[in-house]
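So the structure is just underneath, and the comments pick up after that.
Protein chains: 2
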Amino acid sequence: MFGGKWKALILYHLFEDGVLRFSEFRRRMPNVTQRMLTNQLRELEADGLISRTVFPEVPPRVEYELTDLGKTLKPVIHALKEWGDKYAHSVTQKKESSGG
Amino acid sequence: MFGGKWKALILYHLFEDGVLRFSEFRRRMPNVTQRMLTNQLRELEADGLISRTVFPEVPPRVEYELTDLGKTLKPVIHALKEWGDKYAHSVTQKKESSGG
DNA sequence: CGGTATCCCAATTGATACTG
DNA sequence: CAGTATCAATTGGGATACCG
């Protein structure tokens, strides 16, 4: 379920910001391609962890937020971030990511 | 770093049991192939999370345990397991795993 | 007992271009 | 703004057989 390379980061930003639009994700995760972002958002939605709300406006607006189930992941994401902050530098990195 | 499908489970068993031999992993995770188990153990070792000790005996014996760095992952693995125990059933599963 | 070596398929990820 | 479509490359994973 956490298979996706960016899912944890997506969830992290949702815990930080509550609600995010597609373009806001793009700003927060600049090195995720549009395709991958769409892809992972849809998978998270399919797993019932986030919700997607389309506002029929011009220009279009789509908002993502955590579902109740998604919110239960807080301890996991939190533990992951804590660990990353403390120890990620100890681990061999192949490439720098979009700083989460 | 958690890319591997079985890494979290490997770490979990090490937190449970302290030290494990190759064959003990196999018993605890029957549906991981020998190749994948070796593979993921080596990656964890390369990342400095576990150590591998070979005892030059007959029959051969190899023991795996957590390094100090590996032990710092306890909160993460713990949070993950807690979540799994509570909510994994809420999520669509494609296949059952080796029960962790 | 604790692995390696091969082969092969599936899934994931990425680059780029296009669209309502 | 928020996506799709298409193609290509890489990586992950499983089956099976063999080895010191």
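Going down the list, the protein sequences come from chains A and Y. Taken in order, the first sequence gives residues 22 to 121; the numbers are from my numbering. Taken in order, the second sequence gives residues 22 to 121; the numbers are from my numbering. For each residue, glycine too, the CB sits at the ideal point set by N, CA and C.
C-beta contact flag for residue i and residue j at 8 angstroms
i: Leu65 (chain A); j: Lys26 (chain A); result: no
i: Gln61 (chain Y); j: Ile31 (chain Y); result: yes
i: His34 (chain Y); j: Phe46 (chain Y); result: yes
Residue i versus residue j - alpha carbon distance
i: Gly105 (chain A); j: Leu90 (chain Y); result: 12 angstroms
i: Val75 (chain Y); j: Tyr85 (chain Y); result: 9 angstroms
i: Glu78 (chain Y); j: Val112 (chain A); result: 32 angstroms
i: Thr59 (chain Y); j: Arg73 (chain A); result: 40 angstroms
i: Pro81 (chain A); j: Lys102 (chain A); result: 32 angstroms
i: Met57 (chain A); j: Phe36 (chain A); result: 20 angstroms
i: Glu117 (chain A); j: Met50 (chain A); result: With a pLDDT of 41 at Glu117 (chain A), under the threshold of 50, the modelled position of that residue is not reliable, and the figure given next carries that caveat. Distance between the alpha carbons of Glu117 (chain A) and Met50 (chain A) is about 12 angstroms.
i: Val83 (chain A); j: Leu41 (chain A); result: 8 angstroms
i: Leu87 (chain Y); j: Gly39 (chain Y); result: 7 angstroms
i: Arg48 (chain Y); j: Arg63 (chain Y); result: 18 angstroms
Residue nearest to residue i in terms of C-alpha spacing, selected from the options
i: Tyr108 (chain A); options: Y:Lys95, Y:Leu41, Y:Ser72 and Y:Val83; result: Y:Lys95
i: Phe23 (chain A); options: A:Leu87, A:Asp68 and A:Pro81; result: A:Asp68
i: Leu70 (chain Y); options: Y:Thr54, Y:Thr93, Y:Met57 and Y:Pro51; result: Y:Thr93
Exercise for the section: Can you give me, in chain order, the residues of the segment 50 to 69 of chain Y that have a beta carbon less than 9 angstroms from any beta carbon in chain A? Expected result: Per Cβ criterion, the list reads Ala67, Asp68 and Gly69.
Problem - Chain-ordered residues of the segment 83 to 103 of chain A with a beta carbon less than 8 angstroms from chain Y - result: Result list: Leu90, Thr93, Leu94, Pro96, Val97, His99, Ala100, Leu101 and Glu103.
Handout entry: Residues of the segment 25 to 50 of chain Y whose Cβ lies closer than 7 angstroms to any Cβ of chain A, in chain order
Key = Flagged: no residues at all.
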